[in-house]
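Numbering (the working numbering), first residue to last: 221 to 298.
Below is one structure; the comments refer to it alone.
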Amino acid sequence: MKIMGSNRSRQKYTLITGATSGFGYEFLKLFASEGYNLILVARNEEKLRQLAADFSRSFMVEVLPITKDLFKPSAAEE
């Protein structure tokens, strides 16, 4: 699946919630493979940091991990 030409995607960021498993993880792989920089949100800090390091190294993209439980009503505002 081609999301966008790689020459333009290096300037783009993608926000992915639930990045450590399921659909979030699959989106993470897809966008990283297209060269998008990533902002990852998940509850598990340890898993999130490991994913960020792995994907940054493997795909040469910038990865910003944010540990947050979005089930909490105030989480999005924080």
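Just so you know, even glycine gets a beta-carbon here, dropped at the ideal spot from N, CA and C.
This one's a predicted model, so the numbers in the text were calculated from it and none came from an experiment.
With respect to the C-alpha of residue 282, the residue from 253, 288, 262, 297 having the closest C-alpha is 253.
In the DSSP annotation of this structure, the continuous segment of the beta strand (DSSP E) that includes residue 235 starts and ends at 233-237.
DSSP places residue 252 within a helical segment (H, G or I) once states are collapsed to three.
Under the DSSP assignment, residue 272 falls outside any beta strand (DSSP E), being part of the alpha helix (DSSP H) whose first and last residues are 265-279.
In this structure residue 258 touches residue 236 by the C-beta definition: roughly 6 Å separates them, less than 8 Å.
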